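Okay, so here's the structure we're looking at.
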Amino acid sequence: MDALHAVRARGITKSFGEVVALDGVDLDVTQGQIHGLVGPNGAGKTTLLGLLLGLAVADGGRLEILGRPVERALAVPDGVAGFVDGPGLYPSLTARQNLAALARLRGHDARTAGIDEVLDQVGLTDVADDRARGFSLGMRQRLGLAAALLVKPRLLVLDEPSNGLDPAGKRHVHGVLHRLAADGTSVVVSSHRMDDVEALCSEVTILATGRVVFSGPLTKLAAENRELDYRVRTSDPVAARRLAADTTGIRLVDDAGTRQDAEVLVVRALVPALDELVAGIVRSGVAVRELAPVVSPLEAAFLALTDQQEAGR
Amino acid sequence: MTATDTGQREVTVAAVARRAPLVRGYRFELVKLVSQWRIRLLVLACWIAPALFVAAVSRQSTLPSDTLFGRWMHATGWAGPLVMLGFAGTWALPLLTSLVAGDVFAAEDRLGTWRHLLVAVRSPRRIFVAKSLASLTVILVLVAGLACSSAVGGLASVGNQPLVGLDGRLLAPGDAAGRVLLAWICALAPTLALAAIGLLGSVALGRSSMGLLLPPLVALGMQVAQMLPLPVAVRLALPGYAFIAWNGLFTSPGQLGPLLIGIAVSLVWAVLATALAYLLFVRRDFTNPAYDGSGRRAITVGALPLAALTALTVAVIAVATPSMGSGIKQDKVQHSLATAFAHLYRLQTRQLHRPAVTEAQLRTTAACSKSDGQGAQEGAGNDWRCVVTWHLPGIAVAGQAIYQLDVGSDGRFVADGDGPKEVNGYFLVRTSTGDAPNPLWQFDGNVELLDTTSKG
Chain A
252 MDALHAVRAR GITKSFGEVV ALDGVDLDVT QGQIHGLVGP NGAGKTTLLG LLLGLAVADG
312 GRLEILGRPV ERALAVPDGV AGFVDGPGLY PSLTARQNLA ALARLRGHDA RTAGIDEVLD
372 QVGLTDVADD RARGFSLGMR QRLGLAAALL VKPRLLVLDE PSNGLDPAGK RHVHGVLHRL
432 AADGTSVVVS SHRMDDVEAL CSEVTILATG RVVFSGPLTK LAAENRELDY RVRTSDPVAA
492 RRLAADTTGI RLVDDAGTRQ DAEVLVVRAL VPALDELVAG IVRSGVAVRE LAPVVSPLEA
552 AFLALTDQQE AGR
Chain B
30 MTATDTGQRE VTVAAVARRA PLVRGYRFEL VKLVSQWRIR LLVLACWIAP ALFVAAVSRQ
90 STLPSDTLFG RWMHATGWAG PLVMLGFAGT WALPLLTSLV AGDVFAAEDR LGTWRHLLVA
150 VRSPRRIFVA KSLASLTVIL VLVAGLACSS AVGGLASVGN QPLVGLDGRL LAPGDAAGRV
210 LLAWICALAP TLALAAIGLL GSVALGRSSM GLLLPPLVAL GMQVAQMLPL PVAVRLALPG
270 YAFIAWNGLF TSPGQLGPLL IGIAVSLVWA VLATALAYLL FVRRDFTNPA YDGSGRRAIT
330 VGALPLAALT ALTVAVIAVA TPSMGSGIKQ DKVQHSLATA FAHLYRLQTR QLHRPAVTEA
390 QLRTTAACSK SDGQGAQEGA GNDWRCVVTW HLPGIAVAGQ AIYQLDVGSD GRFVADGDGP
450 KEVNGYFLVR TSTGDAPNPL WQFDGNVELL DTTSKG
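Here the protein sequences line up with chains A and B, keeping their order. Residues in the first sequence are numbered from 252 upward in steps of one, following the numbering used here. Residues in the second sequence are numbered from 30 upward in steps of one, following the numbering used here.
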């Protein structure tokens, strides 16, 4: 067992009847790290998260969580918390009652279990005594997170935690997760939102049709990626276009017909060629006002890798 | 935690998370049930509505005489809880069990909370036991409410008077109270069977509303079956029979054979249906996103064993008790009618301040025929005609009265007096204090379907 890993999975397989949900999945989650799990619908994310929470046991392979092999369902170590397919809340109970019931189930005194503290952490203090029936999706997500925090987790498993959150709520939740990670808690987050994953995670695993198509740091994903489209806004678009056309490895993306902003140039390039273009523009006395990928490196990699996987089926 | 050479913290090997104790799981399930408005309203209704119903009906001029003991609601407060028990066995208890036990597992499917609950409790077995015990607790509270509330309503509006039993014998208030309590306790057995069927439906059918409907549908099926001319062994093998068999507590001696068989059958159904629900539940894969009820397995694991149990019970009862016919035989009808008449005649004698007589002095007999003696002289029907004969000390001529009997397939009969007018032909008798209901005009009786109980 690698002592630095909160999760270490090797060759995990899981099937439902004839449907193969996971097919030889490897996963390493380092302690104190927020690890993203992305993939198209049906890729096996929820099944994998269910295994991490102990809801089922893998048909094959080896899974270790917090240093302990998991060999049967519901036998994950103490300190694992989270939710899959949305937080489980009882609408007839208030937010506080939901948490108190959970604390009592785990043998804690509801008065000293830190309910007020976790409600405060997720920003639900004002609605602590309201029934969960009236909660928005975002509030339910936050209450689900509070329920997970109640057990002071060492491994937090969250399925789409930003679903339904407004920008402020999302920032709040991201702040909570970053603080937890800084304190040593490992977090596994699945999401369809690439911007969420990029904002939260240091490492990512991409699943497609039950298989891992990439696993590693986000930076490596960007570096490994093929050409990307970049938006370049300059003070002299005509000169910039001419320079782009003359730079080796740069292709102009001909989208002038659909582009609204004439000052913006869209080029397709690898990072070294892009660096050369920017240097050339600056040398010619043209100001670079904006440089950004049209789609994020993660999203581009995700689309490329998952399309490739789907095509290979 | 120890530091590694990379400067990162090591993961200490954690202990496996403990399962939540059963008591805490039970308490959690109870909290969830009681927090539902539907359950709160049911509890409130069961503890208040029967008292109001019994009090209101007891003050009306027209009584529900088609319900057992309904005709005595003016006379004693103990008739109210028995009328309520008859109603509960038919409608209230199947509905209550369906709303509580029939929904206790399906609710988690609807709310999508199974995974949350499993992660918190970490034992499907304990979840099952906790849910079953919590729903049983709520059902017991509801049944207790129906019993207590109807008794309070009857006693408050009519009073603690003696109750006339199904054999016409007058039961002292204390005796009546004990038997009423026992009757409600006996009704718990078929209630448990329905609750177990509710659990089975709730587990097997997931979020489908069919799970909720299962107990009322089964109860309705049992009631329809009890109205059909089925052999006694089949009738007793159905788990709902104990909802009827408590009638036997109100005869002397009590008709305990059918009651005990009915209770035993109900309890076996309760145990088997609960065990089947348990098997289905612990085999469920909670990570399967496509799960929506056990489908075909619900039939093989759920319905077939219960059908096999019914067949086995019929066979056992048929062998153990030689009763494959209707159980309603001419001699038993005559005996029941004569016994009830003798007891009620003494009641009428006391009303009219005549010289007291004993049942032994009366030497009451009844001669009954069905369909004017045509065809088999047994079975249910409203074509029984009986002539009751009795003797009075010092009078040579025997008295005679005629009754038309409507005998139900469950053995219960209503005897309708056909004269002479002074004895049983008019609904009132003139007493020294004014007109009073004539106990011999119309009365209920019960024919024991089995041949096991000694005649009193």
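Glycine included, C-beta positions come from ideal geometry on N, C-alpha and C. It should be emphasised that the depicted structure is a prediction, and the values quoted were computed from it without experimental measurement.
Could you pull out every residue in the same chain whose Cβ sits closer than 8 Å to the Cβ of A:Ala433, ignoring the five residues on either side in sequence? By 1-based counting over the first sequence, the position of residue 433 of chain A is 182. Cβ contact annotation for A:Ala433 (same chain, cutoff 8 Å, sequence separation greater than five): Gly283, in chain order.
Using only alpha-carbon positions, find the residue among A:Asp360, A:Val529, A:Gly290, A:Leu494 that is nearest to A:Val402. Walking along the first sequence from the start, residue 402 of chain A turns up at place 151. Closest by alpha carbon: A:Asp360.
Say whether chain B places a C-beta atom closer than 7 Å to the C-beta of A:Ala459. Locating residue 459 of chain A in the first sequence gives position 208, counting from the first residue. With 7 Å as the cut-off, A:Ala459 does not count as an interface residue toward chain B.
Roughly how many whole angstroms lie between the Cα atoms of B:Ala205 and B:Ile357? Position 176 of the second sequence, counted from the start, is the residue given in the question as residue 205 of chain B. Position 328 of the second sequence, counted from the start, is the residue given in the question as residue 357 of chain B. Each residue's alpha carbon lies about 27 Å from the other.
Is A:Leu416 near A:Gly389, with beta carbons less than 7 Å apart? Your numbering for residue 416 of chain A matches position 165 in the first sequence. Your numbering for residue 389 of chain A matches position 138 in the first sequence. Yes, they are a contact pair.
Could you round the C-beta distance between A:Leu409 and A:Thr436 to whole angstroms and report it? I think they count as a contact, below 8 Å. Here residue 409 of chain A refers to the residue found at position 158 of the first sequence. Here residue 436 of chain A refers to the residue found at position 185 of the first sequence. Not really, about 11 Å apart at Cβ, beyond 8 Å.
Helix, strand or coil: which one does DSSP assign to A:His359? Your numbering for residue 359 of chain A matches position 108 in the first sequence. Note: A:His359 maps to coil in three-state DSSP.
Bounding residues of the alpha helix (DSSP H) (the contiguous stretch that carries B:Lys450): Counting from one through the second sequence, the residue named residue 450 of chain B turns up at place 421. No alpha helix (DSSP H) contains B:Lys450, which DSSP labels as neither H nor E.
Minimum C-alpha distance to B:Phe57 - residue among A:Asn292, A:Tyr341, A:Val517, A:Gly305: Position 28 of the second sequence, counted from the start, is the residue given in the question as residue 57 of chain B. Looking at the Cα atoms, A:Tyr341 is the closest of the given residues.
Could you tell me whether the stretch 167-176 of chain B touches the stretch 64-77 of chain B, where touching means 3 or more Cβ pairs closer than 8 Å? yes
Please return the same chain residues whose Cβ sits closer than 6 Å to the Cβ of A:Lys421, not counting the five positions on each side in sequence. Position 170 of the first sequence holds residue 421 of chain A. Around A:Lys421: Ser413.
What residue range is occupied by the uninterrupted alpha helix (DSSP H) comprising A:Thr345? For the purposes of this step, residue 345 of chain A is taken as residue 94 along the first sequence, with counting starting at 1. Counting along the chain, A:Thr345 falls outside any alpha helix (DSSP H), and DSSP gives it neither H nor E.
Alpha helix (DSSP H) segment containing B:Leu92, residue limits: Residue mapping note: residue 92 of chain B aligns to position 63 of the second sequence, counting from 1. No alpha helix (DSSP H) holds B:Leu92; DSSP gives it neither H nor E.
Which full runs of the beta strand (DSSP E) of 3+ residues lie inside the stretch 417-471 of chain B, going along the chain? 428-436, 441-446, 457-460, 463-466
Would a check of beta-carbon distances place A:Leu344 closer than 7 Å to chain B? Within the first sequence, the letter at position 93 stands for residue 344 of chain A. Yes, because at least one Cβ of chain B sits closer than 7 Å to the Cβ of A:Leu344.
What's the gap between the Cα of A:Glu449 and the Cα of A:Leu255? In the first sequence, the residue the question calls residue 449 of chain A occupies position 198. In the first sequence, the residue the question calls residue 255 of chain A occupies position 4. Approximately 23 Å between the Cα atoms of the pair.
Hey, could you find the ends of the alpha helix (DSSP H) A:Gly426 is sitting in? Residue numbering aside, residue 426 of chain A sits at position 175 when the first sequence is read from its first letter. Counting along the chain, the alpha helix (DSSP H) containing A:Gly426 begins and ends at 418-433.
In or out: B:Asp34 buried (at least 16 other Cβ within 10 Å) or exposed? Taking the second sequence and counting its residues from 1, one reaches residue 34 of chain B at position 5. Legend: pLDDT at B:Asp34 = 41, less than 50; position of this residue unreliable, no value from coordinates given.
State yes or no: is the C-beta of A:Gly443 within less than 7 Å of the C-beta of A:Gly374? Locating residue 443 of chain A in the first sequence gives position 192, where the first residue counts as 1. Locating residue 374 of chain A in the first sequence gives position 123, where the first residue counts as 1. In the sequence as presented, Gly is not what sits at residue 443 of chain A; that position holds His. Cβ distance not < 7 Å, so A:His443 and A:Gly374 don't count as in contact.
Is the stretch 130-139 of chain B in contact with the stretch 278-298 of chain A, if contact means three or more CB pairs nearer than 8 Å? no
Determine whether the Cβ of B:Lys11 lies closer than 7 Å to any Cβ atom of chain A. Lying before the first or after the last residue shown, residue 11 of chain B is absent from chain B, which here runs from 30 to 485.
Can you have a look at B:Leu341 and say buried or exposed, based on whether 16 or more other CB atoms are within 10 angstroms of its CB? Taking the second sequence and counting its residues from 1, one reaches residue 341 of chain B at position 312. Counting Cβ neighbours within 10 Å, B:Leu341 comes out exposed, since fewer than 16 surround it.
Among A:Glu527, A:Asp381, A:Glu478, the one whose alpha carbon lies nearest that of A:Ser547: Counted from its first residue, the first sequence places residue 547 of chain A at position 296. Among A:Glu527, A:Asp381, A:Glu478, the Cα nearest to that of A:Ser547 belongs to A:Glu478.
A:Ile211 in three-state terms, based on DSSP: No answer is possible for residue 211 of chain A: it lies beyond the span of chain A, which begins at 252 and ends at 564.
Taking 7 Å as the threshold (beta carbon to beta carbon), is B:Ser355 in contact with chain A? Within the second sequence, residue 355 of chain B is the residue found at index 326, counting from 1. Not closer than 7 Å to any Cβ of chain A, the Cβ of B:Ser355 fails to qualify, so no.
Residue from A:Leu350, A:Arg355, A:Leu356 with nearest C-alpha to A:Ile366: The sequence position of residue 366 of chain A within the first sequence is 115, counting from 1. The shortest C-alpha separation from A:Ile366 is found at A:Leu350.
Partner residues on chain B for A:Pro468, Cβ-Cβ distance less than 7 Å: Within the first sequence, the letter at position 217 stands for residue 468 of chain A. The contacting residues do not exist; A:Pro468 stays about 15 Å from chain B at best.
Is it the case that the Cβ atoms of B:Leu366 and B:Phe472 are separated by a distance below 7 Å? For the purposes of this step, residue 366 of chain B is identified with residue 337 of the second sequence, where counting begins at 1. For the purposes of this step, residue 472 of chain B is identified with residue 443 of the second sequence, where counting begins at 1. No, the pair does not count as a contact, with Cβ atoms beyond the cut-off.
Reduced DSSP secondary structure (H/G/I, E/B, other) of B:Glu58: Here the question's residue 58 of chain B lines up with position 29 in the second sequence. Three-state DSSP puts B:Glu58 in a helix.
Can you tell me whether DSSP reads A:Leu525 as helix, strand or coil? Counted from its first residue, the first sequence places residue 525 of chain A at position 274. Helix, per DSSP.
Express the C-alpha separation of B:Phe98 and B:Val458 in angstroms, rounding to a whole number. Position 429 of the second sequence, counted from the first residue, corresponds to residue 458 of chain B. Position 69 of the second sequence, counted from the first residue, corresponds to residue 98 of chain B. C-alpha separation (whole angstroms): 20 Å.
Please give me, in chain order, every unbroken run of the beta strand (DSSP E) with length at least 3 that falls completely inside the stretch 359-416 of chain B. 394-399
Tell me the DSSP secondary structure of A:His256 in three-state form. Indexing the first sequence from 1 puts residue 256 of chain A at position 5. Three-state result, A:His256: strand.
Is there a C-beta anywhere in chain A that falls below 7 Å from the one on B:Thr142? Numbered from its first residue, the second sequence carries residue 142 of chain B at position 113. Answer yes: the Cβ-Cβ gap between B:Thr142 and chain A drops below 7 Å somewhere.
Could you compute how far the alpha carbon of B:Val261 sits from the alpha carbon of B:Leu242? In the second sequence, the residue the question calls residue 261 of chain B occupies position 232. In the second sequence, the residue the question calls residue 242 of chain B occupies position 213. Taking the straight line from one Cα to the other gives about 28 Å.
Considering only DSSP beta bridges, list what B:Arg69 is partnered with. Indexing the second sequence from 1 puts residue 69 of chain B at position 40. Answer is none; B:Arg69 lacks a bridge partner.
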